[in-house]
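Participant: Line by line, the protein sequences are chains Y and B.
The opening residue of the first sequence carries number 1 in our numbering; numbering runs sequentially from there.
The opening residue of the second sequence carries number 1001 in our numbering; numbering runs sequentially from there.
We put the beta carbon where it would ideally sit given N, CA and C, even for glycine.
Remember, predicted model here, so these are calculated numbers, not experimental data.
Next up is a structure, given as structure tokens.
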Amino acid sequence: MTARRTFLKEAIAAGASTALLKPNAGVAQPINKAPSVAKPGARLIAAETQVPSLQEAPSADAAHIGNPGSDFMVDLLRMAGIDYVAAMPGSTFRGIHESIVSYAGDQHPALVVCTHEEASAAIAHGYAKVAGKPMACLVHSTVGLQHASMAIFNAWCDRVPMIVIAGNIADATKRRPGVEWYHTALDLGALVRDFTKYDDAPVSLQHYAESFVRAYTLSMTPPMEPVLLVADGELQERPIENPREISVPPFRPVSPPVAGRAALEETARMLCGATNPVIVADRAIRSQAGMDALVALAEAVNAPVVDLLGRLNFPTGHFLNQTYLKTQLISRADVILALEVSDLWGLTGTVADVIGRPTKKFTKPDVNLVSVSTSYLYSKSNMQDAERFIAPTLAIGGDAQASLGPLLEAVNAVCTAPQRETMRKRAPALRQAHTLMRETARHDATRAWDASPISTARLSQEVWNVIRHENWALVSSSLFISQWPQRLWDFDKTWQYIGGEGGYGVGYGAPAAVGAAIAHRDAGRIPVNIQTDGDLMVLPGVLWTAAHHKIPLLTVMHNNRAYHQESMHIQRMANWRDRKPENGTAGTLINDPPIDYAGLARSMGMWAEGPISNPADLGPALARAMQRVKAGEPAFLDVLTQPR
Amino acid sequence: MKPIRMIALAVSALACLIDMTSPPAMAVQADVHAGQGLYMKKGCYECHGPVGQGSIMSGPALAPSPLPVEAMTAYVRSPKGQMPLYSSKILSNRDLAQIQAYLAAVPASPDADSIALLGGASTASSSKDDSERGQQVYVARCASCHGASGGGAVGPSLVDVAKRRGVSGIESFVRNPSGAMPKLFPEVLTESDVQAVAQYVARLR
């Protein structure tokens, strides 16, 4: 952390209450004497030096602007601790762009240059899940925000903070003819309002300051979500008016909502009295302390844990992690504790993808379902990401991670000695079940072990072999590789896995991996991205971004040469209609000709090899690629794989 | 009989003899090759993998040790779960037989304990104790259909099966299965394997 940032943070902490202090406030002025300026005290110094742009001298001539408003906007980014701003350049935010590179020296924040606004937002999405704080992304008014919108939606569904700043030109008399009219909206926020938590279009720098602090604070309060600020072009480019009148509210985090005491005690009574309890966690854990708290709770009641992998909630090697026994655990459970489960209805039932789409329930009719989630506190309805409604036995509005400590206290207070003995006796069977679960995965992995194209199990284990002794992280979703990493590797740190898209929007994977890799670089870790081919083709330009910024990232293609999920869908349609199932591959293959992904990566300036189809060649290729990554650059392997 | 006719008869007889001794393996190999083509063409690979390996995300493993062709045919015509139905119009019985031949030809998977990338020796005990051996056999040969804890998956639950069949009944069924269960003895399971896994299954609660 630079000395300047340390100073600014300390100044913010010490001088927060003085942020609204105006110069000379409280200093008595002698009567009938020439006014004198009191020497600034420590608090005034702090207030004035927090925002150096407010001290910039205006230009002495009309041909220059000495203190542009965008310098102030960049100061706000710094005060918020935002280290990076992802952007594909756009004229509507040219003011902020220049302020980042000249006023801020392209450091804290630093630009991450992108070739598409969707990449800008998705990079910010992946970054935030590792760094624990948002990245900003700059988007170019209408067309840029439209490009970014799917990535913002993914982050919304995934409950991830993101600061989106969109340029715009509100004053019609200041828009140049043609392009600046196409690139302006009366209500830019309307494009994304259904999947942002807050948006505003400030009309003055004081307004901008207050909105920025509010937006940042809301974005970082669970449920964390993207927010949008419109940075008017004139506000960016005109001189700062009345700088001494401008003050910045302090950045003060909102304490996350903790579940109510009575509800936690009721939950504790259910867990203590349960015969077959199950804990299910989805987007619950965001820090190592949170994971430790969940482990402590699960151990206290000897309850198996099903990790739905919206984040990495529970260590895979812990005997209580019984994720792949989910079906039988849920069907037998008498108490289910759901922690930030995004689809509670889907946990307890399904709609089968057969003709008629019948509903099928998994749970016992008398199961006690307890749900702890911030989704009860904040929701929107146009986008249907809230999933199907279910009324649990006990619905608790609160942040799951923040509630774990108090819940454990309640369990320790409520559980009786006989109940503790019952829980203790569950342990041997649970240990055996966990061992069996892992052993079953080992044996399942042997199928197609030496096949070409390479099996996803073989791919996963070859990757594990080169990263397991490093400070590693998996920055891609494991869904399409049959979750082999979680079934076979040893995950025990929250940052080793960050879940998936959120909204299942294709195109998240490659840029989110780059964003996550930026955060891992700052923490000295080695990230690996097992990259699907269809996803990469949405935003291949992120390969250039990774090469340009020299982001250490090992990308290993899961190249099955198809939009395989859609192949299965079309084949299902054909079967339903008693027509040719072979038509499932019509319009869903990425072949004929096959794409040369290694060549694509090399064209973007990245070291690459492939395609590799012989499993015996994969290990040596990975070793070569890892040398590059450990030397501080991205590396890419194209691997031809089995479909799943 | 004229000599030319005798020669012709002899050649004809010889040809028949050759036909009668044409190795059935050639016909089987043709079925395997055709079956592989049909397996891919009819889209089976999309959910079950090109080598029948299956995936927890799309469909169970079909190989090695596939279902008998009768059980496979019956299931495909009236599948449970979310598998789409294949009528005889789009997949004939003959096609299914060839597909089954292909799957039956998929070689046995290597032992996980022999693969360094899978951790080498099993994390479960490699003790020669029968109970541990039974668990190992179950994990390797049974869990993919009957579930890791015997609670059922594609195959039925085995919990409390000993109450209905007893240990000897379980052994007998493993040796000579009926219905959809593949016959694993003696090609895949030894007699000691059968006894060990039966003991193990009998203890499933």
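Hey, is L1158/B's beta-carbon within less than 8 Å of any beta-carbon in chain Y?
Facilitator: Chain Y, which has no Cβ nearer than 8 Å to the Cβ of L1158/B, makes this no.
Participant: State yes or no: is the beta carbon of A274/Y nearer than 8 Å to at least one beta carbon in chain B?
Facilitator: So no, A274/Y is outside the interface.
Participant: What residues from the segment 1068-1095 of chain B come within 8 Å of chain Y, judged by C-beta to C-beta, listed N to C?
Facilitator: If the cut-off is 8 Å between Cβ atoms, the segment 1068-1095 of chain B has G1081, Q1082, P1084, L1085, Y1086, S1087, K1089, I1090, L1091 near chain Y.
Participant: Which residue's Cα is closest to the Cα of V164/Y: C157/Y, Y182/Y, R628/Y, H125/Y?
Facilitator: Nearest option by C-alpha distance: H125/Y.
Participant: What residue from D282/Y, L347/Y, F319/Y has the CA that sits closest to T327/Y's CA?
Facilitator: Residue L347/Y is the option with its Cα nearest to T327/Y.
Participant: Short of 7 Å Cβ to Cβ, which residues in the segment 449-461 of chain Y face chain B?
Facilitator: Taking 7 Å as the Cβ-Cβ cut-off against chain B, the residues of the segment 449-461 of chain Y that qualify are W449, A451, S455, Q461.
Participant: Counting along the chain, where does the beta strand (DSSP E) carrying H558/Y start and finish?
Facilitator: It spans 554-558 - the beta strand (DSSP E) in which H558/Y sits, taken as one unbroken run.
Participant: Look up S403/Y in the DSSP assignment and say whether it is helix, strand or coil.
Facilitator: Here S403/Y sits in helix by DSSP.
Participant: Kindly indicate which three-state DSSP category P243/Y falls into: helix, strand or coil?
Facilitator: Looking at P243/Y - three-state DSSP - the assignment turns out to be helix.
Participant: Which runs of the alpha helix (DSSP H) at least 4 residues long sit entirely within the segment 261-309 of chain Y? Give them in chain order.
Facilitator: Listed in chain order, the complete alpha helix (DSSP H) runs (minimum 4 residues) inside the segment 261-309 of chain Y are 261-273, 288-301.
Participant: Return the residue from the list K580/Y, F480/Y, D522/Y that minimises the CA-CA distance to H558/Y.
Facilitator: Comparing Cα positions, the closest option is F480/Y.
Participant: When the Cα atoms are used, what is the spatial distance from Y1200/B to A433/Y?
Facilitator: Rounded to the nearest angstrom, the two C-alpha atoms are 14 Å apart.
Participant: Let me know the secondary structure DSSP gives Q461/Y once reduced to three states.
Facilitator: Three-state result, Q461/Y: helix.
Participant: Quick check: A598/Y and D638/Y, are their CB atoms within less than 8 Å of each other?
Facilitator: Result yes, Cβ atoms of A598/Y and D638/Y sit closer than 8 Å.
Participant: Contact defined as beta carbons within less than 8 Å: I believe E237/Y pairs with G505/Y. What is the distance between those atoms, to the nearest angstrom?
Facilitator: The pair is not a contact, with the Cβ atoms about 34 Å apart (cut-off 8 Å).
Participant: Kindly identify the DSSP beta-bridge partner or partners of N168/Y.
Facilitator: DSSP output for N168/Y lists D232/Y as bridge partner(s).
Participant: Please report the residue range of the beta strand (DSSP E) in which D638/Y lies.
Facilitator: Start and end: 635-639.
Participant: Alpha carbon to alpha carbon, what distance is there between L474/Y and R624/Y?
Facilitator: One C-alpha to the other measures close to 19 Å.
Participant: Can you grab the Cα-Cα spacing for the pair Y84/Y / H64/Y, in whole Å?
Facilitator: Cα to Cα, Y84/Y sits roughly 28 Å from H64/Y.
Participant: Buried or exposed for Q1082/B, please, with buried defined as at least 16 other CB atoms from any protein chain shown within 10 angstroms of its CB.
Facilitator: With fewer than 16 Cβ atoms within 10 Å of its Cβ, Q1082/B is classed as exposed.
Participant: Can you confirm whether V1137/B, when its beta carbon is compared against all beta carbons of chain Y, has any partner nearer than 8 Å?
Facilitator: So, not an interface residue.
Participant: Tell me whether W449/Y sits in a helix, a strand or coil according to DSSP, three-state version.
Facilitator: Coil.
Participant: Give the straight-line distance between the Cα atoms of L264/Y and N313/Y, rounded to the nearest whole angstrom.
Facilitator: C-alpha separation (whole angstroms): 20 Å.
Participant: Between the C-alpha atoms of P253/Y and T217/Y, what's the straight-line distance to the nearest angstrom?
Facilitator: Cα to Cα, P253/Y sits roughly 6 Å from T217/Y.
Participant: Look at the alpha carbon of G503/Y and the alpha carbon of N1176/B, and state the distance between them as a whole number of angstroms.
Facilitator: When rounded, the distance between both Cα atoms is 49 Å.
Participant: Name the residue from T267/Y, A616/Y, H116/Y whose alpha carbon lies nearest to the alpha carbon of L407/Y.
Facilitator: If we check each option's Cα against that of L407/Y, T267/Y comes out closest.
Participant: Cβ closer than 9 Å: which chain A residues qualify as neighbours of A433/Y?
Facilitator: Judged by its chain identifiers, the structure shown contains no chain A, and its protein chains are Y and B.
Participant: Given A298/Y, which residues of its chain have a CB within under 6 Å of its CB, disregarding the five upstream and five downstream residues?
Facilitator: I279, V305, L320.
Participant: Cα-Cα, which of L1062/B, C1044/B, C1142/B, G1147/B is closest to L1103/B?
Facilitator: Comparing Cα positions, the closest option is L1062/B.
Participant: The alpha helix (DSSP H) that contains C1145/B, what's its start and end?
Facilitator: Taken as a continuous stretch (DSSP letters only), the alpha helix (DSSP H) holding C1145/B covers 1143-1146.
Participant: For W576/Y, is the classification buried or exposed, using 16 other Cβ atoms within 10 angstroms of its Cβ as the cut-off for buried?
Facilitator: The residue is exposed, with fewer than 16 neighbouring Cβ atoms inside 10 Å.
Participant: Helix, strand or coil for S1109/B per DSSP?
Facilitator: S1109/B falls in the coil class under three-state DSSP.
Participant: Closer than 7 Å: is that where the CB of E1171/B sits relative to any heavy atom of the ligand HEM?
Facilitator: Here there are no bound small molecules, and the ligand HEM is not part of this structure.
Participant: What residues from chain B crowd round K580/Y, counting only those whose CB sits closer than 8 Å?
Facilitator: In chain order: I1090.
Participant: Counting contacts by CB-CB distance shorter than 8 Å, is E118/Y in contact with chain B?
Facilitator: For E118/Y, the answer is no, since every Cβ of chain B falls outside 8 Å of its Cβ.
Participant: Specify, as a first and last residue, the run of the alpha helix (DSSP H) that K129/Y falls within.
Facilitator: Looking at the DSSP string, the run of the alpha helix (DSSP H) that includes K129/Y is 117-131.
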